[in-house]
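Visitor: Encoded as structure tokens, here's the structure I'll be asking about.
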Amino acid sequence: MEVREHREELLKRIPALRISFLTLLVAIGAAYWFVQVIRGEYYRELAENNRLRRIPVQPIRGLIFDREGRLLVDNVPSYNLRIDRSRSADVDRSLRFAAETLERPLEELAAQLDRQASAPVFTPVLLAESLSLSQVARFSTAALEHPEFEIDVGHLRLYRHGPMTAHLLGYLGEVTEQDLREGKGDYRPGDLRGKRGIERAFDGELQGERGQRQVIVDSRGRVRDDFATHPARPGRNLRLELDLELQQVAARYLGERVGAAVALDPRDGAVLVMASSPTYNPNLFARRLDRSEWQRLVEAPHDPLQNRVIQNTFAPGSVYKVVVAVAGLMDRAVSPSETVYCGGATRIYNRRFRCWYRAGHGRVNLREAIKRSCDVYFYYLGQKLGITRIAHYSRLFGLGRETGLDLGGERAGLVPDLEWSLGVRGSTWYPGETISVAIGQGPLLVTPLQVATMMAVVANGGHLVTPRVLASSPPAPPRETGLDPEALAFVDEALWAVVNEAGTGAAAKVPGFDIAGKTGTAQVFEQKTWLDNEDLPFEKRDHAWFAAYGPGDDPTLVVVVLVQHGGEGSRQAAPLARMIYEKYFDDRQPVAPS
Amino acid sequence: MRSTSTIASLSPLPDERLAFRSLANVRWGLLVAALLLSLIGLATVHSASLELQVDYLPRQSVRLAIALVACAIALSVDYQLLTKFALPIYLTSLVLLVVVLFAGRQAGGARSWLEIGAAQLQPSDFAKLATTLMLARYLANVNRRYLGVRQILAAGGLTAAPMVLVALEPDLGGAAMFVPILGVMLLVCGVRWRFVLGAAIAVLLVGTGLWFFVMMDYQRQRVQTYFSPESEPLGAGYQLRQSKIAVGSGQLDGRGYLQGTQSQLRFLPARHTDFIFAVLAEEWGFLGVATVLVLYAAFFLNGIKVAMRGRDRAGILLVMGLMAGIGFHVLYNTAMVVGLVPITGIPLPFLSYGGSFTVANFVATGMILGVDFRRYVNR
């Protein structure tokens, strides 16, 4: 019975153990309550992060057409090689394999990977583009050994007319770290964005909107199922005002020359031609050109990357006489009947100023002075007007500031006056400079596009148009310049004579069509002795200008041609203007000569 | 009670009648709880193994059937008979533990499995039962209010032998599971506070001594990762993180059966064995967790009821020792899955996939019911 006694002893201790056990069980239950109910939302999110992976879907970039709907920029499929670093046992070994298979330098691939180092390690990053089919096959064969490589089909830009439209259309390039930092647009490392031209100016429209595929992955990152797809919105197609056929004429003519050609509609500013030479092949950029190719382009003579129509400024030469003539008429500094004697040179402010025509034009009135581009006449007119009035009228013609072209990236040029001289240049204005400016020399600087809008003012009877390359944008209403229509009409008639009455622009005459225009020869180098331009070294030869509009009383096309170091405008620049008009009128109703 | 004895005395076959009536008075709630938990376990094992090459549901069903047969046998064998043979049973289990060290199948870095034909057996599961039996027998015969030093040391020695062998496999988690069995049985027998305090101080001193004077750097490192798994993001840290995500994302009502993303997309490791409770928590939410915890509570309250009405020391001690073994597994595993205690390889009784573990738990259940059943028979 002793056993019985001590049995009771045992039973006394059991309730304490029961309470301890139940307390612990309740405490554990409370922990589950905390994790599941109170913190449940947080863990649910972590679970979703675990299983859902977002794969960006690249939108197809918008196509670009000319005004007639001819395709200028296309997208062509291209095989891209991506690497998922999280699946690579040894990234260096993977890179060596890729370099060998692609026959590309290892450093290039390593650098490409480096640029995307900030991307999450399990996100496949772009290693190379435009693989050949045999290269694709080799990566597929090695898939077991190298599961880290993925091939996807992307798109490459194809500029169908290559160098001919290079400056206008621009090209794409990889986004820079800076773009990403500034957070402009929806870019990710490795993305492409427009770097120049249309591609840059309208990058937002062309780009479209990235889509997203959400997939369910397992713990090894293998895709199990689609969860949700948000399709990419393709980029907008753009139609340009460009006329491809005219552009081709211009580009072919400029060919080996250095220069620019621009054509626009004087009624609404539509840009039909925008050519610059030398040029480059933008299709090289589509394939992420390597450093050496880029270096070659940057170091090439005459900077092929520059769009000379808007990014370079030049002295306008005699083309500028249009502005000075209108100024003279409106300020009554000169009457149409007044004459000046040109003996090939004159002396003003104790300095000798030459006329380009050494023999001298004899007695000339304003019409003759424009038609035969007499410098001496304009020296006197400039002297009478003074730099302040000349600058005033220059600005009315749109010079000295950006034209507002929708492409952007323009230079403003320079209309010199007294304030500029003191404020910017920091020296006094010499009266002799006014004489130079009167014939479009001196500090005066313009872009070819500015010359075109300037000529458009004469062509449309006093309106300053805002040029545009994009057809879909509604034209900005032309600004009233307040210039006297009679003065403009007088100059207009004189410009007709330049081309049609054996003036300096006779080389631009198109049989059957009325073209008006003005030649210009901008001195690059102040000559001490008279040398024929052909005897000068290339860099010292004059720039040849020709600025024209037509046809007839209702002009629809302004053409401006600049051939750098081309010598006289009549010889080098005018023929291209004629060729452009010939092509332009080819498809249009001939206008009977007035 | 009086009527009971009357019927017994009138019966032509008093023993059989007694046995029948006794069966009606057995705490069947214990078995019902165990069975319900096992059915939940089967469903969860199915969900957890859906993504594996084989569905473990049929296998585990067969094992459950075997376990139920073993349970019935354990119930029918007189525990007093078992305690009589405790020593040979205990020694046999030790021999098996030695054999497994040399002939065992290596799995997960430890030799803990014996292959006998097609069957696989984990001797440590049975060593726990045998040791409980042995301790019950030894402590039942100690006829004192409080245990003396000698008895405590003797009981400790009996426990240490299988523990060391299991630790050598090496299965430290499994070895640790012997401690609560010994602890609970000693406490029930009565231990003076000074011994409890002394034991605590001894553990502290030995632990500190090991840490500073015996352990190598790499061993300290292991202990550190054990207590702060975040420092090892790919090993235990990963397991803990994925387990907590699974549990937490279950929220109140769960993601639905077979719909747990953590389980079905294989983020959760060991999900059909040690982390099966995380699968349940993910798919059934807190409601599922609470249901299972309530079932465990029911199991233990029934078990303790059996202990409380036990007729002799051996029976009470046996029940309490068996309950301690299962109970500590439950507490540790559920606490581990939710991140309260460090991760170690301890499965969840009745729910986790496993053969000998399931059989051992049902044998224990059978033995507890047997003690209850025989409280009238053995007088």
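Residue numbers (our numbering), protein chains in the order written: chain A, 1 to 594; chain B, 1001 to 1379. Each residue gets a CB set at the ideal place from its N, CA and C atoms; glycine is no exception. A quick note: this is a predicted structure, and the numbers were derived from the prediction, not measured.
Spell out a yes or no on whether the segment 253-261 of chain A and the segment 290-310 of chain A are touching, meaning 3 or more CB-CB pairs, one atom from each, closer than 8 angstroms.
Guide: yes
Visitor: Going by DSSP in three states, B/Cys1189 sits in which element: helix, strand or coil?
Guide: On the second sequence, position 189 is the one that residue 1189 of chain B refers to. The answer is helix: DSSP assigns B/Cys1189 an H, G or I state.
Visitor: Would A/Arg411 pass as a contact of A/Gln311 if the rule is Cβ separation under 8 angstroms?
Guide: Here the question's residue 411 of chain A lines up with position 411 in the first sequence. Here the question's residue 311 of chain A lines up with position 311 in the first sequence. In contact: A/Arg411 and A/Gln311 (Cβ atoms closer than 8 angstroms).
Visitor: Looking only at its own chain, which residues have a Cβ that is under 6 angstroms from the Cβ of B/Val1166, when we skip the five neighbours before and after it?
Guide: Residue 1166 of chain B sits at position 166 when you count from the first residue of the second sequence. Counting only Cβ-Cβ distances below 6 angstroms, and skipping sequence neighbours, we find Ser1124, Gly1174 and Ala1175.
Visitor: Using DSSP bridges, identify the partner residues of A/His543.
Guide: The count along the first sequence starts at 1 and reaches residue 543 of chain A at position 543. Paired residues: A/Ala522.
Visitor: Taking one C-beta from the segment 190-203 of chain A and one from the segment 166-179 of chain A each time, how about it: are there three or more such pairs within less than 8 angstroms?
Guide: With a cut-off of 8 angstroms on Cβ pairs, the segment 190-203 of chain A is in contact with the segment 166-179 of chain A, counting three or more such pairs.
Visitor: Could you work out which residues of chain A lie near B/Lys1244, taking near to mean beta carbons separated by less than 8 angstroms?
Guide: Mapped onto the second sequence, residue 1244 of chain B falls at position 244. Here the neighbours are Val35 and Tyr43.
Visitor: Is B/Leu1075 helix, strand or coil by DSSP?
Guide: As a working mapping, residue 1075 of chain B is identified with position 75 in the second sequence. Looking at B/Leu1075 - three-state DSSP - the assignment turns out to be helix.
Visitor: Suppose you measure from the CA of B/Ala1130 to the CA of B/Leu1087; what does that come to, to the nearest Å?
Guide: In the second sequence, residue 1130 of chain B corresponds to position 130, counting from 1. In the second sequence, residue 1087 of chain B corresponds to position 87, counting from 1. Their Cα atoms are separated by approximately 9 angstroms.
Visitor: For the alpha helix (DSSP H) holding B/Asn1361, just list the boundary residues, first then last.
Guide: The count along the second sequence starts at 1 and reaches residue 1361 of chain B at position 361. Segment Gly1355 to Phe1373, the alpha helix (DSSP H) holding B/Asn1361.
Visitor: Rounded to a whole number of angstroms, what is the C-alpha to C-alpha distance between B/Ala1034 and B/Leu1042?
Guide: As a position in the second sequence, residue 1034 of chain B is number 34, starting the count at 1. As a position in the second sequence, residue 1042 of chain B is number 42, starting the count at 1. Each residue's alpha carbon lies about 12 angstroms from the other.
Visitor: Quick check on B/Ser1249 - is its C-beta less than 8 angstroms from some C-beta in chain A?
Guide: Working through the second sequence from its first residue, we reach residue 1249 of chain B at position 249. Output row for B/Ser1249: interface = yes.
Visitor: Going by the CB atoms, is the gap between A/Thr141 and A/Leu72 shorter than 8 angstroms?
Guide: Position 72 of the first sequence, counted from the first residue, corresponds to residue 72 of chain A. Position 141 of the first sequence, counted from the first residue, corresponds to residue 141 of chain A. Their beta carbons are not under 8 angstroms apart, which means A/Leu72 does not touch A/Thr141 by this criterion.
Visitor: Would you identify the three-state DSSP class for A/Trp530, choosing helix, strand or coil?
Guide: For the purposes of this step, residue 530 of chain A is taken as the residue at position 530 of the first sequence. In this prediction, A/Trp530 scores a pLDDT of 46, lower than 50, which makes its location untrustworthy; no coordinate-derived value is stated.
Visitor: Starting from B/Phe1277, trace the alpha helix (DSSP H) both ways and give me its first and last residue.
Guide: To locate residue 1277 of chain B, count along the second sequence from 1; it is residue 277. Element bounds for B/Phe1277: Ile1276 to Met1308.
Visitor: Count the other CB atoms, across all protein chains shown, that sit within 10 Å of the CB of A/His230; report buried if there are 16 or more and exposed otherwise.
Guide: Locating residue 230 of chain A in the first sequence gives position 230, where the first residue counts as 1. With fewer than 16 other Cβ atoms within 10 Å, it is exposed.
Visitor: Closer than 7 angstroms by beta-carbon distance: list the chain B residues that pair up with A/Tyr79, in chain order.
Guide: Looking up residue 79 of chain A in the first sequence gives position 79. Per Cβ cutoff of 7 angstroms: no residues; A/Tyr79 is ~31 angstroms from chain B at best.
Visitor: Is the CB-CB distance between A/Ile435 and A/Phe353 below 8 angstroms?
Guide: As a working note, residue 435 of chain A is residue 435 in the first sequence. As a working note, residue 353 of chain A is residue 353 in the first sequence. In contact: A/Ile435 and A/Phe353 (Cβ atoms closer than 8 angstroms).
Visitor: To the nearest angstrom, report how far apart A/Val559 and A/Ala137 are at their CA atoms.
Guide: Translated into the one-based positions of the first sequence, residue 559 of chain A becomes position 559. Translated into the one-based positions of the first sequence, residue 137 of chain A becomes position 137. Cα-Cα distance, rounded: 52 angstroms.
Visitor: With a threshold of 8 angstroms between beta-carbons, can B/Phe1373 be considered close to chain A, or not?
Guide: Along the second sequence, one-based indexing puts residue 1373 of chain B at 373. Not one chain A Cβ lies under 8 angstroms of B/Phe1373.
Visitor: Short of 6 angstroms in beta carbon distance, which residues of its chain neighbour B/Ala1127, apart from the five on each side in sequence? Order them along the chain.
Guide: Within the second sequence, the letter at position 127 stands for residue 1127 of chain B. Same-chain partners within the cutoff: Ser1093, Leu1097 and Pro1162.
Visitor: Give the secondary structure of A/Arg115 by DSSP, where H, G and I count as helix, E and B as strand, and everything else as coil.
Guide: Indexing the first sequence from 1 puts residue 115 of chain A at position 115. A/Arg115: helix per DSSP, three-state reduction.
Visitor: List the endpoints of the continuous beta strand (DSSP E) containing A/Arg157.
Guide: Translated into positions along the first sequence, residue 157 of chain A becomes position 157. Start and end: Phe149 to Tyr159.
Visitor: Taking contact to mean at least 3 C-beta pairs separated by less than 8 angstroms, is the segment 480-500 of chain A in contact with the segment 395-415 of chain A?
Guide: yes
Visitor: To which residues does DSSP link A/Thr165 through a beta bridge?
Guide: Residue mapping note: residue 165 of chain A aligns to position 165 of the first sequence, counting from 1. When DSSP reads this structure, A/Thr165 sits in no beta bridge, so it has no partner.
Visitor: State the start and end residues of the unbroken alpha helix (DSSP H) segment that holds A/Tyr380.
Guide: For the purposes of this step, residue 380 of chain A is taken as the residue at position 380 of the first sequence. A/Tyr380 -> alpha helix (DSSP H) spans Asp375 to Leu396.
Visitor: Do we get a CB-CB distance below 8 angstroms when we pair B/Tyr1079 with the residues of chain A?
Guide: The count along the second sequence starts at 1 and reaches residue 1079 of chain B at position 79. For B/Tyr1079, the answer is no, since every Cβ of chain A falls outside 8 angstroms of its Cβ.
Visitor: Quick one: grab the DSSP three-state call for B/Asp1312.
Guide: Mapped onto the second sequence, residue 1312 of chain B falls at position 312. Three-state DSSP puts B/Asp1312 in coil, outside helix and strand.
Visitor: Mapping DSSP to helix, strand and coil, what is A/Glu129?
Guide: In the first sequence, counting from the first residue as 1, residue 129 of chain A sits at position 129. DSSP places A/Glu129 in strand when its eight states are reduced to three.
Visitor: Taking B/Gly1345 as the query, report the chain A residues whose CB atoms sit under 9 angstroms from its CB, ordered along the chain.
Guide: Residue mapping note: residue 1345 of chain B aligns to position 345 of the second sequence, counting from 1. Those within 9 angstroms of B/Gly1345 in chain A number zero; the least Cβ separation is about 19 angstroms.
Visitor: If I measure Cβ to Cβ from A/Arg308 and keep anything under 6 angstroms in the same chain, skipping five residues before and after, which residues do I get?
Guide: Counted from its first residue, the first sequence places residue 308 of chain A at position 308. Shown here for A/Arg308: same chain residues with a beta carbon closer than 6 angstroms to its own, the five before and five after excluded, namely Ala260 and Ser276 in chain order.
Visitor: Would you mind sorting A/Tyr42 into buried or exposed? The rule is 16 or more other CB atoms within 10 Å of its CB.
Guide: On the first sequence, position 42 is the one that residue 42 of chain A refers to. Result: exposed.
Visitor: Answer yes or no: do A/Leu52 and A/Phe202 have a C-beta to C-beta separation smaller than 8 angstroms?
Guide: Here residue 52 of chain A refers to the residue found at position 52 when the first sequence is read from its first residue. Here residue 202 of chain A refers to the residue found at position 202 when the first sequence is read from its first residue. Not closer than 8 angstroms, so no.
Visitor: Under 8 angstroms, Cβ to Cβ, is there at least one residue of chain A near B/Leu1121?
Guide: As a first step, residue 1121 of chain B is located in the second sequence; it is residue number 121 there, counting from the start. No, no contact with chain A.
Visitor: With distances taken from CA atoms, which of B/Leu1057, B/Glu1051 and B/Leu1023 is nearest B/Gly1355?
Guide: Your numbering for residue 1355 of chain B matches position 355 in the second sequence. Among B/Leu1057, B/Glu1051 and B/Leu1023, the Cα nearest to that of B/Gly1355 is on B/Leu1057.
Visitor: Quick one: grab the DSSP three-state call for A/Arg224.
Guide: Here residue 224 of chain A is taken as the residue at index 224 of the first sequence, counted from 1. Residue state, collapsed to three classes: strand.
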